[in-house]
Amino acid sequence: MVQAINLKKGMVFSQDGKLIRVLKANHHKPGKGNTVMQMDLRNVESGAVVHKTMRPTEKVDLVDITKKNAQYLYNEGDIYTFMDTETYEQYEVSSEQLGDDKLYLMPNIEVQLEFANNSKLLGVELPSTVTMKVTHTEPGIKGATVTGSGKPATMETGLVVQVPDFIKEGEELVINTAEGSYKSRAEGSK
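In terms of the UniProt record's numbering, the sequence shown has 74 at position 74, counting the first letter as 1, and numbering is strictly consecutive.
Below is the structure:
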């Protein structure tokens, strides 16, 4: 058992016989009243996302998670295939289980498969950053600086990220997977 105030992004708990993944957890103190935890939660099986408010002292059953190193291979429609890098066993994960994480999947990317109680596949844990190519963005502005307000850029997987004004189509960028934000240009990209 763990208190709601200790829940963080990525944790999985059991509630009413369902496995629930924490997508966001914010500590909120309204002007009047008690402190609450505002959370975005995803039902692991159905993929349904709900916004829920809990008292910080409310307790939930944390699920024991085992992780295996894996490599993303390919997808066919809504099914994404991963391979265990030690046993070469292949696992299929549905689009619903991945949620927005599928927008960060690049061929051959190394991830970790997450299993509940050593058997049920919950989903994947992405690396902290991924390198992607910009497929569409507005033309750069001559003399643009890093401190500009930025512009949207569409990456090769369809992910849209706010980038500085000087970024051009075709450049490779390092993207933070936790926040879905631009981090830097990839090494050797100009």
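The beta-carbon is built from N, C-alpha and C at its ideal position, and this holds for glycine as well. This one's a predicted model, so the numbers in the text were calculated from it and none came from an experiment.
In the DSSP assignment, what are the bridge partners of residue i?
i: Ile109; result: Ile109 is not bridged to any residue.
i: Val63; result: According to DSSP, which records beta bridges pairwise, Val63 is partnered with nothing at all.
i: Ala70; result: Asp84 and Val111
i: Ala153; result: Thr137 and Val161
Can you give me the C-alpha to C-alpha distance between residue i and residue j, rounded to a whole angstrom?
i: Met54; j: Ser46; result: 22 Å
i: Ile167; j: Glu187; result: 14 Å
i: Ala4; j: Met37; result: 7 Å
i: Tyr80; j: Ser14; result: 25 Å
i: Val163; j: Thr135; result: 13 Å
i: Met106; j: His28; result: 35 Å
i: Val111; j: Lys32; result: 43 Å
Report yes if the C-beta distance between residue i and residue j is below 8 Å; otherwise report no.
i: Val2; j: Lys67; result: no
i: Gly133; j: Glu156; result: As written in the sequence, residue 133 is Lys, which differs from the Gly given in the question. Contact flag set, yes.
i: Val160; j: Thr129; result: no
i: Pro113; j: Leu103; result: The sequence shown places Leu at residue 113, rather than the Pro named in the question. No; because the gap between Cβ atoms is not below 8 Å, this pair is not in contact.
i: Lys8; j: Ala25; result: yes
i: Thr137; j: Glu169; result: yes
Assuming residue i and residue j are in contact, meaning their beta carbons sit under 8 Å apart, how far apart are those beta carbons, in whole angstroms?
i: Met39; j: Val12; result: 13 Å between Cβ atoms; not a contact.
i: Val44; j: Gln90; result: Val44 to Gln90, Cβ: 20 Å. No contact.
Starting from residue i, trace the alpha helix (DSSP H) in both directions and tell me its first and last residue.
i: Val98; result: Correcting the residue identity first, residue 98 is Leu in this sequence and not Val. Ser95 to Leu98 is the extent of the alpha helix (DSSP H) around Leu98.
Within the continuous beta strand (DSSP E) that includes residue i, where are the two ends?
i: Val44; result: Neither: Val44 is in no beta strand (DSSP E) and is coded neither H nor E.
i: Ser181; result: Ser181 to Arg185
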